Amino acid sequence: MTMSLADCRVLIVDDNAFNRKSLALVIRRAGITEVAFAGDGAEGLRTVDDFRPDLVLLDVDMPVMDGLEMCRTLRRNATHEELPVLFQTALDSDEEQVRCFDAGGSDFISKPIKPGECVARVRHQLEKRKLFTDLASFRARVERELSHARAMQHSLLPEGRRLTAVAERYGLVLDAHFETSSELGGDFWGVYPLDDRRVGFLIVDFAGHGITAAINTFRLHTLIDRFPMQHMAPSQWLTQLNGALKDVLPTGQFATAFFGILDLATDTLTFAAAGAPNPVLGVGAELRLLDSAGLVLGASRRARYTDQSHRLPHGGFLFLYSDALIECGGEEHPPIGRDAVPGFVRDALAENRLHPLRPMMERFYARVRQPLSDDLTAVWIARRA
Amino acid sequence: MKFQQRSTPDAVEVRLMGRLEFTDHDRLHDIVGLLEITRARGFVVDLSGLEFIDSAGLGMLLILQEEAESRNVKLTVRGAQGDVRRSIDLARIGEIITIDS
C-alpha cells in the first residue's frame, strides 16, 4: 500500500545548512512538498507550534538546545506525544541511539544520509501517523453517533414523568431500571393505557445486544404503533407482532416477549408470553413464577400464543425482567438463576416494601461483573393496597 | 464453545461443549461449513456437553435449522440438560427444530 505523502509536513532541525539542504532534497523527492527548517532545538520548538509538522527530522548536537532536549520537551506536551521524531545519528553509536530512544525518539536515520533508507523510514512513520489519525477520527465519529443513538434508544422508553402519571391514574407503583451492556442494547419495555380500567405492559428482549439488537428495538417501536391493543387479547396482539417481526428479522434474530393487560375492574392480569424470563406474581404472601413459555417472536410465521389470566388484586404485584438478571454473574457469585428469583424479590420487599426494585438492583450489582454481559431491564408493577 | 464432530453413514454429528453465547458467532460458521460439505441426510447437534445457552445461542440453532432445511438435511437437536433444556423449552424452540430428549 503506497499512500500519497503530498499533504504531509516535515520539519528539519539541523544547525548545518548543507545537511538541511540535502535532507530536504531527499524527502522532496519522496513527494513531500511542505518542508520547514530550524537551526537549533529552541527554534525547532517554536516552529513546531507554528508549522504543525507531521514529522520532525532532528539532529542531536546543536547549539542553544540540542535535539535530545527538544524531543523531551515535545514529549512532555500532550499535543505532541504522538508526533514522529526521527533522529539523525551515526549508525555505529549504540550509546547515542539509546539516548535518543530515551528522549522519546520514534526512529533513526543514519548519518551520513542514505536517500533510500531516509525516505523509507520517513514514509513508514508518516503512513503510521496517517492511519492512526484516520482511526482516531473514525472512532471519535462513531462515539458521537453512538451517543446520539443511545439518547434515541432511551427516548423509546417511558420517561419518569409519564410513569408517575400512569401510576397515579391507575393506582399503581411503577419503578423501572434499564441498562445496556454496551452503548446500545436490545431490550425494550413500555406501558400502554388502554382505557380507564385497563393498562398494558410489554417487555421485549431481542437476541444478542449492541447495534444490531438496538436497531431491532427501533423496528419494534414502529410496529407497536401499527397494532392497536385496545380490542384484542394479548395472545392475538403478540401473534400480529410476531408476523410483522418475522417479515423484517433475518433468521437467527428474534425476541422474547411478555405482554400483559391489567384490568382494574376485575382485578385480573391477562397475558401472553413468547419465551420471556418467568415473571414473578405476588398476591398476598404468595410469590410465584408465571409460566411464560412461548415460541420467540420473529422465528416462525406459524407461531401461536395463548392467554393466561391470574388474579392481581390491590396490594399484589408483577415483576418483569430481562434474562441478564438471572444469567449475569461475577467472580464470587454465580448468576442468580431462575429458581432464586422469588426469594430475591422477597428479600427486597423485606427491605423496602413500597419500592423493592432499589434493593434488588443494589444486590444485583453487588454480585455481578461489570460491564454487564447482556442488557438489563427490570420493571416493578404493584397495585396500591 | 468448543465442538467435536463425527460422522456415521447416515448423519454428521456435532457435539457442542461449554457455553453457547453471543461471542460464539464465528464458530457457527465452522458448523455451517460442516453442513455445506456433508453428503449425509442427517445432522445431529448434541448438546449434552453444553452448560449454558443464551438467546444468541438459541438464534444460532435457528440459523442451523434454516441452513439444514435449505440443503434438505434433517437437523436434530438432542441431549440438552438442565439450564440449557430449560432455555430451549422456555423459548419453545421445539416448535421449529426437532428436539430429541
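Protein sequences, first through last, are from chains A and B.
Using my numbering, you'd call the opening residue of the first sequence number 1 and step up by one each time.
Using my numbering, you'd call the opening residue of the second sequence number 1001 and step up by one each time.
All C-beta atoms in this analysis are idealised placements derived from N, C-alpha and C, irrespective of residue type, glycine included.
Computed from a predicted structure; not experimentally measured.
Taking a contact to mean a Cβ-Cβ separation below 8 Å, would you say residue i touches residue j in this structure?
{"i": "Glu-1067/B", "j": "Leu-1035/B", "result": "yes"}
{"i": "Ala-273/A", "j": "Phe-258/A", "result": "yes"}
{"i": "Asp-375/A", "j": "Gly-160/A", "result": "no"}
{"i": "Ile-1093/B", "j": "Leu-1061/B", "result": "yes"}
{"i": "Arg-383/A", "j": "Leu-172/A", "result": "yes"}
{"i": "Leu-74/A", "j": "Leu-23/A", "result": "no"}
{"i": "His-355/A", "j": "Asp-175/A", "result": "yes"}
{"i": "Val-1012/B", "j": "Leu-1047/B", "result": "no"}
{"i": "Ala-378/A", "j": "Leu-325/A", "result": "yes"}
{"i": "Phe-1043/B", "j": "Lys-1074/B", "result": "yes"}
{"i": "Thr-217/A", "j": "Phe-178/A", "result": "no"}
{"i": "Ala-207/A", "j": "Leu-223/A", "result": "no"}
{"i": "Val-122/A", "j": "Leu-86/A", "result": "yes"}
{"i": "Pro-277/A", "j": "Ser-322/A", "result": "yes"}
{"i": "Cys-71/A", "j": "Gly-116/A", "result": "no"}
{"i": "Gln-88/A", "j": "Lys-114/A", "result": "no"}
{"i": "Phe-108/A", "j": "Cys-118/A", "result": "no"}
{"i": "Val-280/A", "j": "Pro-342/A", "result": "yes"}
{"i": "Leu-126/A", "j": "Asp-54/A", "result": "yes"}
{"i": "Gly-1057/B", "j": "Asp-1024/B", "result": "yes"}
{"i": "Arg-198/A", "j": "Asp-263/A", "result": "yes"}
{"i": "Asn-242/A", "j": "Ala-293/A", "result": "no"}
{"i": "Pro-158/A", "j": "Val-191/A", "result": "yes"}
{"i": "Thr-256/A", "j": "Ala-1091/B", "result": "yes"}
{"i": "Leu-1050/B", "j": "Val-1084/B", "result": "yes"}
{"i": "Val-10/A", "j": "Ile-27/A", "result": "yes"}
{"i": "Arg-226/A", "j": "Pro-193/A", "result": "no"}
{"i": "Gly-200/A", "j": "Ile-261/A", "result": "yes"}
{"i": "Arg-149/A", "j": "Leu-202/A", "result": "The residue asked about is misnamed: residue 149/A is Ala in this sequence, not Arg. Their beta carbons are not under 8 Å apart, which means Ala-149/A does not touch Leu-202/A by this criterion."}
{"i": "Val-13/A", "j": "Asp-50/A", "result": "no"}
{"i": "Ser-182/A", "j": "His-209/A", "result": "yes"}
{"i": "Asp-307/A", "j": "Thr-270/A", "result": "yes"}
{"i": "Gly-67/A", "j": "Gly-31/A", "result": "no"}
Checking the sheet assignment: what are the DSSP bridge partners for residue i?
{"i": "Trp-189/A", "result": "Ile-203/A"}
{"i": "Ser-389/A", "result": "Nothing can be reported for residue 389/A, as the shown portion of chain A is limited to 1 through 385."}
{"i": "Arg-1015/B", "result": "Gln-1004/B and Asp-1046/B"}
{"i": "Ile-1053/B", "result": "Leu-1020/B"}
{"i": "Phe-344/A", "result": "DSSP, once it has assigned bridges, lists no residue as partnering Phe-344/A."}
{"i": "Ser-75/A", "result": "Ser is not the amino acid found at residue 75/A; the sequence shown has Arg there. The partner list for Arg-75/A (beta bridge, DSSP) is empty, contrary to what the question assumes."}
{"i": "Leu-320/A", "result": "Val-379/A"}
{"i": "Arg-1041/B", "result": "Answer is none; Arg-1041/B lacks a bridge partner."}
{"i": "Arg-198/A", "result": "Asp-263/A"}
What are the boundary residues of the alpha helix (DSSP H) that includes residue i?
{"i": "Asp-457/A", "result": "Nothing can be reported for residue 457/A, as the shown portion of chain A is limited to 1 through 385."}
{"i": "His-1025/B", "result": "1025-1037"}
{"i": "Tyr-305/A", "result": "Run containing Tyr-305/A: none; DSSP gives neither H nor E here."}
{"i": "Arg-1092/B", "result": "Arg-1092/B -> no alpha helix (DSSP H), and no H or E assigned at all."}
{"i": "Val-1073/B", "result": "Taken as a continuous stretch (DSSP letters only), Val-1073/B belongs to no alpha helix (DSSP H), as it is neither H nor E."}
{"i": "Leu-325/A", "result": "324-327"}
{"i": "Arg-338/A", "result": "Element bounds for Arg-338/A: n/a, residue is neither H nor E."}
{"i": "Gln-1081/B", "result": "Looking at the DSSP string, Gln-1081/B is not in any alpha helix (DSSP H), and its letter there is neither H nor E."}
{"i": "Gln-97/A", "result": "94-102"}
The beta strand (DSSP E) spanning residue i covers which residue range?
{"i": "His-310/A", "result": "308-311"}
{"i": "Asp-1100/B", "result": "1098-1100"}
{"i": "Leu-357/A", "result": "Here Leu-357/A belongs to no beta strand (DSSP E); instead the alpha helix (DSSP H) covers 357-367."}
{"i": "Ala-382/A", "result": "376-383"}
{"i": "Leu-83/A", "result": "Unbroken run through Leu-83/A: none, as it is neither H nor E."}
{"i": "Leu-354/A", "result": "Careful: Leu-354/A lies outside any beta strand (DSSP E) and carries neither H nor E."}
Could you tell me which chain D residues have their CB closer than 9 Å to the CB of residue i, listed as they occur along the chain?
{"i": "Ala-214/A", "result": "Absent from the structure is chain D; the protein chains it does hold are A and B."}
Check your understanding: Unbroken alpha helix (DSSP H) runs of length 4 or more, entirely within the stretch 111-186 of chain A: which are they?
Key -> 115-155 and 160-170
Point to revise | contact_flag[the stretch 229-248 of chain A, the stretch 1012-1028 of chain B] where n(CB pairs < 8 Å) is 3 or more | key: no
Point to revise | Touch test, the stretch 292-304 of chain A against the stretch 329-341 of chain A, Cβ-Cβ under 8 Å, three pairs minimum | key: no
Check your understanding: Which ranges does the alpha helix (DSSP H) cover as unbroken runs of at least 4 residues, wholly within the stretch 10-59 of chain A, from first to last along the chain?
Key -> 17-29 and 41-51
**Study point:** Segments of 4+ residues assigned as alpha helix (DSSP H) that fall wholly inside the stretch 227-298 of chain A
**Key:** 234-248
Exercise for review: Determine contact between the stretch 355-373 of chain A and the stretch 317-330 of chain A, defined as no fewer than three beta-carbon pairs at a distance below 8 Å.
Suggested key: yes
Check your understanding: When the Cβ atoms of the stretch 34-42 of chain A are set against those of the stretch 6-24 of chain A, are three or more pairs found closer than 8 Å?
Key -> yes
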